[in-house]
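These notes concern the structure reproduced below.
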Amino acid sequence: MNFRPVLPSTSSRRRVLHALLGAAVLQAPFAALAGFNFFTSEYTASRDELQAQIAKRFPVAERYAEIFMVGLRDPQLGLDSRANRAAITATLTIASPLLAASPVQGVVSVSSALKYDATARALRLDQPKAERLELQGIEGRDAERLQKVGAVVAQELLQGQVLRSFTADELTVGRKTYEIGDITVQDNGIKVQLK
């Protein structure tokens with residue numbers, strides 16, 4: 114008994130080929146938007162992606178009371194999923210002609226809520242709070258005063274700091290343009306709702 118393989122008709126092969134090509138074309142835009150999941154209406158930015166973005170915006174510095182220059186550099190991003198907050202730990206420098214040992218070096222950790230700025234299409238730090246500040250080589254009342262200055266300026270420098278910017282193209286699929294909704298801090302990234 115001989116069996117001949119049943120070959121699909123030409124029209125069936127064309128339909129399969131069109132379906133495969135259509136699937137490949139459909140996936141191409143989504144591959145470029147790796148953190149976007151339009152099927153679940155969310156975007157997840159990884160901790161590494163956010164760290165790279167924030168590192169580009171440092172160092173930052175600001176003058177305080179016309180006698181202190183406070184700077185932050187080498188930021189490290191932390192994520193606290195339980196409190197739904199992000200944290201920045203950075204090297205702090207305070208310089209002033211009034212200080213015998215100037216500049217004073219230290220470390221500051223600031224935690225912050227997050228908000229979405231629709232006008233700038235940016236995920237920003239909101240109401241940062243200095244949680245820890247340690248200075249090297251200075252003690253007593255001088256250390257207390259400088260810690261207060263450093264904490265105030267660090268909070269001011271980080272208020273509104275951009276963690277992630279979005280382009281109009283990233284938020285548009287076909288004719289639909291998405292807005293950012295709820296923001297959820299996870300242990301390894303930040304997830305935002307697309308609405």
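Number 308 marks the last residue of the sequence shown (this note's numbering); no jumps.
Idealized CB from N, CA, C, for every residue including glycine.
Bear in mind that the values here come from a model prediction, so they are computed numbers and not experimental data.
8 Å contact criterion, which residue i and residue j should meet: CB distance rounded
i	j	result
G191	T204	Not really, about 15 Å apart at Cβ, beyond 8 Å.
G219	G263	7 Å
Check whether residue i and residue j have beta carbons under 8 Å apart
i	j	result
S225	Q240	yes
A235	Q268	no
L167	L259	Note that residue 167 corresponds to Ile in the displayed sequence, not to Leu. It is not a contact, given that the beta carbons lie outside the stated cut-off.
G302	T153	no
I251	A214	yes
Member of the options whose CA lies at the smallest distance from the CA of residue i
i	options	result
V176	V275, N301 and V265	Reading off the sequence shown, one finds Arg at residue 176, where the question assumed Val. It is V265 whose Cα lies nearest to the Cα of R176.
F181	A165, L227, T153 and K261	K261
K228	G148, V298 and E155	V298
D230	I207, F149, V305 and N150	V305
P172	E247, D161, G184 and A165	G184
Q189	S222, F151 and F279	S222
T280	T232, E252 and I251	T232
I296	A165, D282, R288 and R198	R198
Close-in-space but distant-in-sequence residues of the same chain around residue i (CB under 6 Å, 5 per side omitted)
i	result
L238	S225, L271 and Q274
G148	Y156, T157 and A158
F151	V286
Same chain only: Cβ atoms within 7 Å of residue i, ignoring 5 sequence neighbours per side
i	result
Y291	L284, L307 and K308
A136	With a pLDDT of 41 at A136, under the threshold of 50, the predicted position of this residue should be treated as unreliable, though the coordinate-derived value follows. Result list for A136: empty, nothing under 7 Å.
R160	L190, L192, N301 and G302
L211	I180
A174	M182, V183 and G184
Residue i: CB within 7 Å of a non-hydrogen atom of the ligand FMN
i	result
D230	The ligand FMN is not part of this structure, which contains no ligands at all.
Contacts around residue i, its chain only, beta-carbon distance under 8 Å, and the 5 residues preceding and following it disregarded
i	result
A200	L190, G191, L192, D193, S222, V223, S224, S225 and E244
L246	L205, G219, V220, V221, S222, Q260, G263, A264 and A267
A256	L248
V217	T206, I207, A208, L248, Q249, G250, I251 and L259
L130	Residue confidence for L130 is low, a pLDDT of 41 falling below 50, so the modelled location carries little weight; the figure read from the coordinates is stated next. Hits under 8 Å: none found.
R254	none
Proximity test, Cβ basis, 8 Å: residue i and chain C
i	result
G287	The structure shown contains no chain C; it holds only a single protein chain.
- request: Jot down the residue ranges of each uninterrupted alpha helix (DSSP H) in the region 143-170, minimum 4 residues, whole runs only, in chain order.
  value: 160-168
- request: Could you tell me which uninterrupted alpha helix (DSSP H) segments, each at least 4 residues in length, are contained entirely in the region 220-272, listed from first to last along the chain?
  value: 253-271
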